[in-house]
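Notes for the one structure printed next.
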Amino acid sequence: MARLPVSEEALIQRYGPHLNEAPPGGWDAAVDFDRQVRTHCCFCGQQCGIKLKVKGTEVVGFEPWYDFPFNEGKLCPKGVKRYLQGAHPDRLLEPLGRDPGAAAGFSSMSWDQALDRVVSEIGRIQDSYGKDAFAMLSGVSLTNEKSYLVGKFARLALQTANLDYNGRLCMVSAGVANKRALGMDRAPNPWSDIPLADVVFVAGANVAECAPITTSYIWRARDRGAKLIVADPRVTPLARTADVFLGLRPGTDSALMGTILHVIIENGWVDRGFVDAHTIDFGAAAEAVQHCSPSWGATVTGVPADRIVEAARLWGTSETGMLLHARGIEHHSKGVENVWSCINLGLATGKYGRPGCGVATITGQGNGQGGREQGHKCDQLPGNRDITNPEHRAYVASVWGCDVDEIPGKGLSAEEIVEAIHDGKIRGLLSICFNPLVSLPDSRFTAEALGKLEFFAVIDFFLSETAQHADIVLPGSLHEEDEGTSTSVEGRAIKINQAIPPPGSARLDWEILIDLADRLGRGQYFQFGSTHEIFDEMRVASRGGTADYYGMTWERIEAEDGIFWPCPEAGHPGTPRLYEGGRFAHPDGKARFNPVRHRPPAEVTDDEYPLWLTTGRVVSQYLSGTQTRRIGPLVEQYPEPLCEMHPRLAGTLGVATGDIVRVSSRRGTMELPARVVETIRPDTVFIPYHWPGAKAANQLTNRALDPLSRIPEYKVSAVRVERAQGHVQVRDRRVTALQTEAELR
Amino acid sequence: MSHLISDRVFVIDQSRCIGCEACVQACEECGTHRGQSLIHLEYIDRAMSTQTAPMVCMHCEDPTCAEVCPADAIKQNENGVVQSALKPRCIGCSNCVLACPFGVPKYFSRPDQMMKCDMCYDRSSVGLKPMCASVCPSQALWFGTLDEFGATREGALIFELRFGNQAVPTKVGTVVHDISAGPINVTVPVPGLWQEDPFGLEAAVP
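Chains as they are written, first to last, in numbering that gives the first Met the number 0: chain R, 0 to 744; chain D, 0 to 205.
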C-alpha cells in the first residue's frame, strides 16, 4: 500500500523519534564498563576512530582513541553522542507488518512470516510486470561488505537492474568528474597532505559543520603559513578566518573557477611543463574560459573582481596547494562540470601527485567512498567496475559463478527510481538504510510516489519517515552491532568492530539478505557464513579494478590503522597518494582537461520567485536525521530548521530573528523561524535539510539532475519569502519556546 | 610560576573555534560530573558573525572565586587547579558565579553546589588530555607541552589578563598573534580586510 497505516501522530507516539537523553542507567549511574571496542564513528565520511565503552550488551559511553592517526581522539558532537543511538526506546526489535487496525499502525510478526511475505510479493510483482519492476534502494551507512552484498543481492537474487543508493545524493558528481578527468574515483590525497599545502582552497564545503575534523588539518597548514581561500554563499565558521573570501551567488561556481583559470592563463601562472607532459586538451579548456575576465566573473558570481584575482594569484603562484570541495559545488545540475572546473585549476598549475598538492572531494556519508566502489550503484560492479563494460561484467560473473547474462544491465539512479515508481513502471521496492522522504528533493513528489507502490519492504533499525509507509519492516542492525570495513574520505579502508549484538529479535543486515536470497531460490550465490567471508569474496571481486582491495586483510587493516586502495596484492603497502610523478590512471597515463563553459542552474530567480535557496547541514545532525533526531543532546543543540537571511533582505520583508516566515518554491511551501545574520548573501536564504514533513527543506528543492552524475540540484532553487504569523525565541542555536504573537504582546 | 599540569599546559585559541559544541557534549561525559557540562560556549554576536568563544576555567593564580567564597569552599590542589566547591562547605550562594571575571563557575540546584571546570583532573592527572581538548576538532582548545606548542602552532601565549586595574595571572594560556597587542579582538574586523564587507556590498560590483 505504501501509505501511512494510521495517523502520523500515532506512528510517532509509538516509534518516535523519541529522544534518548542519557546513557543506560542514567547520568547518575557509576561509570562502569566491561571493555572498550575500537571502531569508527558512523556519522560522516571522516570515519573518526573512537572507542566505545561496553557494559554487557549495551554501549554506555565513549573514550577518545588517541592513537588512530586520522583524528587522534578528536570528535565532533555527533561522534561524542553517537553512543546514545543504542539502548534506544525507538529501536525496532521484531519484524512488523502494516496493520491499519493496530493502534500504532503495525503488528509484530515472525521472521518466517515477514520474509515469506516479502518473497511472495517480489515474485508476484516480477511475474506480473517484469524483473525490473521491483527495485532496491540502499545506503552508504552500510559497510563495504554489506554494500558488496547488496549489489550482488539485487543483481542475482532480485535479478533487477534497478538498484541504486543514497550515495547518489552525496559525491557522485565528484566520482564521475574524477573518473573521466583522472581515471580514478577517489580523492587523490591522504589528509596528511593538507598541512603540506601552501594554499588551501575550500570551495562549497562547510568544513566546520560537515567535516569538522578537517579544520584541524587546515589549521596545521596555516600554522606553517599557508593561505586559506573559501568560496561559499555563507560566511561559515571556517570561512570567517579566511585570507580570501569569495561569497559567490549560488549556482555560479563554474563561472568563478573559469575566471580563476582565465586569470592564471593571462598571468602566465600555468605550469607548462606539467601540462605538456601529463595532460591533454588544455587548449580546449583554455578556449572555454577565454571570455571569463575578472569583470565578467564579478558580474556573474557577485564576487568583487579583485578578490577573484587575488584567489587566482594565491592558487597560481603557490608551489603547493590543496583544493577541497564538497556538496556545495557538487549538488548541482552541472555538478560534474563544477568539479571539472576545479580539477582544471589543479592540472593547469601542476598540483597533482606531489606532497601537499591535489584537488579532493570531501566525501560526506559514512561509507560514501567505499559503498560505491563495491557495486551498489546502478552503473557499477565491484572494484569500481562499469556494469556496461563486457570485460568487467565477465570478470565479476566469474567471481560470482554465474552466467554473465545473469547480471542485469545499468539501472535507474535513485531519483529516477522514485520517478519510475511515480510513473507506475516500478511497482515494488525494498529499501535498506535510506530515508528518501526526507533526503530526496521535492518531498511531496516522493510521498506521492511511495503512495503508488504495490509493495514496500524496509530493512532498518528505526522506523524512519519513509519506513512508516512500508508493508513489511525487517529490523536490521546498527553500525556498532556488526563488523566489517568501510572506506573513509581519504580512500583508507578501516575496520568496523562489533561492540554489541542486535537487541531483541533484530538481525544482522547481511543475514537478512542471505535469508531472502535463499527464499528467492538463489541461495547458491550467497554461501556466506560470516562478514569475513563476504570480505574475502569482495576483495577478489575488486581485483584488477581501479578500487583494488585484493591485497588487504582485516588483520592488516587493523594493524596498519587502515590501508589506502589500490592495494593490488598481498604485502602491497597501499596507495595513500595517487598520481605520483604525474602518472594518471587513464591507459595513456595522462589527465584530461574538460572544457567548462558556465551555464545557469536549472531554475533561476524571477519576479515570482526572486530569491535563491540553498540547503545544507548543521553540525549536530546527520543527513535525514533518522539517527541524530533521536539523540536528545544533539537535538537540543539545533532543534529545528531556521531560515538564515541577511538583514538587508529581512528589512525589506519586515522580518526580525524569530519571526515565522513562509518560504515558497514551485514545488511547495514551508513556514519556519527566521534567523537574521550578516553571514549570508542578501539575495540568498539557507535552510538545513535534516527534518521531515512540514519542517522539510526538501519540500522546496528541485528535482533537476546532473546529466552525467544524476545528482539532484539541492543547492539552487528559486523561492519567495514572506512574513507569516507567529514568532519564536531564537537564542543562538536553541529555539527555546514557541509563542504566538498574542502571547508576545 | 608553573603553568603546567603534569608536564603539559592548557591553551585556548578563541579565533579557531568553529562553535561545534563537541566540547560541551564531551564535558558532560567526564566521569566526575556526568550529565553536567561545565564548559561555556557562546556566540559573540550571531547576527554579525559565526564567531564563538569557548571558556574553560583559566585556573587563576589567585582565584577570585575562592577569594569571594564566604564558606571557604573553593580550593586549589597542589598543581594549582581550582576545584569545584567542596560539597560539605558550599552554601550555594553563587558569589563565585557572579565574581569570576571569566564567568566560569556554575551553580547547580541539584546537588546545591557550585561546580566548575577542574581541567578533567581525573584525566590530566594520569597523563590524559581533558575531554574538551581531546575532542576539539579545530584544536581551539589544546593541551600539550610548551615545546609541542612552539613547534607546531602559530602565535604566542599569554598567561595574564587584565580586568581594569586587576591583573589576573592564569595557568591556562591564551593564544595571541602579537604579544604586545594583547588578546585578539574578534568582534572588530581589521580595516581593509574582507571581513568588513564579506559580500562586497559596499564595493562597486559591476
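All residues carry an ideal CB built from backbone N, CA and C; glycine is no exception.
Excluding residues up to 5 positions away in sequence, T214, T235, P236, L237, V618 lie with their Cβ nearer than 8 Å to the Cβ of A207/R in the same chain. For V603/R, the number of other beta carbons within 10 angstroms of its own is below 16, and it is reported as exposed. For A393/R, the number of other beta carbons within 10 angstroms of its own is below 16, and it is reported as exposed.
In chain order, V676, E677, T678 make up the part of chain R whose C-beta sits under 9 Å from the C-beta of M47/D. Of the residues assessed, V189/D falls on the exposed side of the cut-off, its CB having fewer than 16 other CB atoms within 10 angstroms. The Cβ atoms of P187/R and L577/R sit closer than 8 Å to each other. In this model, E568/R and K376/R are separated by some 25 Å (Cα to Cα). One alpha carbon belongs to D111/D, the other to R88/D, and they sit about 11 Å apart.
Note: F563/R is bridge-paired with R491/R in the DSSP secondary-structure output.
With its beta carbon less than 8 Å from one in chain D, Q636/R belongs to the interface.
Assignment of beta-bridge partners to D61/D by DSSP yields no partner. Chain R has no Cβ within less than 8 Å of the Cβ of I73/D.
The region 367-382 of chain R and the region 515-532 of chain R do not touch, with fewer than 3 CB-CB distances between them shorter than 8 Å. Flagged as an interface residue toward chain R: Q138/D, by a C-beta distance shorter than 8 Å. For H39/D, there is no enclosing alpha helix (DSSP H); the enclosing beta strand (DSSP E) covers residues 39-42. Beta-carbon to beta-carbon, L429/R and D163/R are separated by about 12 Å, too far to satisfy the 8 Å threshold. For the pair R271/R and F281/R, the Cα-to-Cα distance works out to about 10 Å. Bounds of the alpha helix (DSSP H) holding C131/D are 130-134. The region 372-457 of chain R contains, as complete alpha helix (DSSP H) runs of 4+ residues, the segments 389-399, 413-421, 435-438, 442-451 (chain order).
Annotation for P575/R: P189, F563 place their beta carbon closer than 7 Å to its own, counting only its chain and skipping 5 residues before and after.
For N177/R, the enclosing alpha helix (DSSP H) has its first and last residue at 171-181. For A25/D, same chain residues with a beta-carbon under 8 Å away, outside a window of 5 residues either side, are M130, C131, S133, V134 in chain order. Taking D470/R as reference, the option from R179/R, E8/R, G96/R, R371/R with the minimal CA-CA separation is G96/R.
Shown here for E607/R: same chain residues with a beta carbon closer than 7 Å to its own, the five before and five after excluded, namely R719 in chain order.
Boundaries of the alpha helix (DSSP H) harbouring Y216/R: 213-222, taken from the DSSP string. Using a CB distance cut-off of 8 Å, T627/R does not count as an interface residue toward chain D. Within the region 23-88 of chain R, the complete beta strand (DSSP E) segments of 3 residues or longer fall at 34-39, 48-54, 57-63, listed in chain order. The C-alpha of A287/R is placed about 19 Å away from the C-alpha of N177/R. For D305/R, the uninterrupted alpha helix (DSSP H) segment begins and ends at 304-316. A21/D reaches chain R at K73, L74, C75, P76, K77, G78, V79, P211, V618, counting residues in chain order whose Cβ is nearer than 9 Å.
If you look at H331/R, you'll find it isn't in any beta strand (DSSP E); DSSP assigns it neither H nor E.
For A516/R, the enclosing alpha helix (DSSP H) stretches over residues 508-518. Taking each of V5/R, Y14/R, E557/R in turn and checking the Cα distance to P474/R, the smallest one comes out for Y14/R.
By the CB criterion at 8 Å, W314/R and T348/R fall inside the cutoff.
Contact check between the region 155-171 of chain R and the region 699-714 of chain R: three or more CB pairs, one atom from each, fall below 8 Å, which counts as touching. The region 33-44 of chain D makes contact with the region 15-34 of chain R; the number of CB pairs closer than 8 Å reaches 3 or more.
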